[in-house]
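These notes concern the structure reproduced below.
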Amino acid sequence: GKVKHFGLSESSADLIRRAHAVQPVTALQSEYSIWWRAIEAAVLPTCEELGIGLVPYSPLGRGYLTGKIDETSTFDSTDIRSRNPRFTPEAIKANQVVVDLLAKIGAEKGATPAQIALAWLLAQKPWIVPIPGTTKLHRLEENLGAAAVELTPDDLQEIERAAAQIAIQGARYSESSQRMIDR
């Protein structure tokens, strides 16, 4: 009787419903970005129906959607991206089309690809609040600037049309990491 707010992480729609029946769920933390949208089919409608906020982590695709990573980028062995299938040189090069889309719209809006990626999330639903991580003040300031970027319905339709034509290369996680998540 003392828990006022309760959240879940990386949960299915079924698990969210079961947990919510026992104790109202306030927020769900899950990966969600313009290049990982699997939660749109079942999880987002469940959150909306039950009045649960979404806190997307990795809204910038572990830094990829900033446009600062290319096929020549390397990652220290302690960096999760060094083991992530989306960060092989081949996948980085193949997925450049996503960054190109964000940069194109950003050029029209006077914004960076990162700001467009965050603005896209903010435009999805008012109860979606992304949590981009950074250790650099200038990146924090850039990320905050996304709140001032206004994407029109036409902009959002353009993003949807273009994104529907893009097949993201590389799995979200390595097989061993995915097994740990699925436990």
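Mapping of the sequence shown onto our numbering: residues 950 to 1132, in sequence order. We treat Cβ as the ideally placed atom computed from N, Cα and C, and that holds for glycine.
#1: Give the list of continuous alpha helix (DSSP H) stretches no shorter than 4 residues that lie fully inside the stretch 975 to 1032.
#2: Considering only residues of the same chain and omitting the five flanking positions on each side of Ala-1111, which have a CB-CB separation below 8 Å?
#3: Considering Cα atoms alone, identify which of Ser-1026, Tyr-1006, Thr-975 and Ile-1108 is closest to Ile-1080.
#4: Under 8 Å Cβ to Cβ from Asp-1019, same chain only, skipping five residues before and after it: list those, please.
#5: Answer with buried or exposed for Arg-1011, where buried requires no fewer than 16 other C-beta atoms within 10 angstroms of its C-beta.
#6: Would you report the Cα separation of Leu-1070 and Trp-1076, rounded to the nearest angstrom?
#7: Using the C-alpha atoms, what's the distance from Ser-958 back to Lys-1074?
#8: Sorted by chain position, which residues of the same chain lie with C-beta nearer than 7 Å to Ile-988's C-beta, five sequence neighbours on each side aside?
#9: CA-CA distance, Ile-1130 and Glu-1057?
#10: Note down, in chain order, each residue of its chain lying with its Cβ closer than 7 Å to the Cβ of Pro-1034, except the 5 sequence neighbours on either side.
#11: Assuming Gly-956 is part of the beta strand (DSSP E), what are its boundary residues?
#12: Tell me whether Pro-1062 is buried or exposed, calling it buried when 16 or more other Cβ atoms sit within 10 Å of its Cβ.
Walking through what the data contain:
#1: 992 to 999
#2: Leu-1050
#3: Tyr-1006
#4: Ile-1041, Lys-1042 and Gln-1045
#5: buried
#6: 10 Å
#7: 19 Å
#8: Ser-979 and Tyr-981
#9: Per-residue confidence for Ile-1130 stands at a pLDDT of 48, beneath the threshold of 50, marking its modelled position as unreliable; the derived number appears in the next sentence. So the two alpha carbons sit approximately 39 Å from each other.
#10: Ala-1040, Gly-1119, Ala-1120 and Ser-1123
#11: 956 to 958
#12: buried
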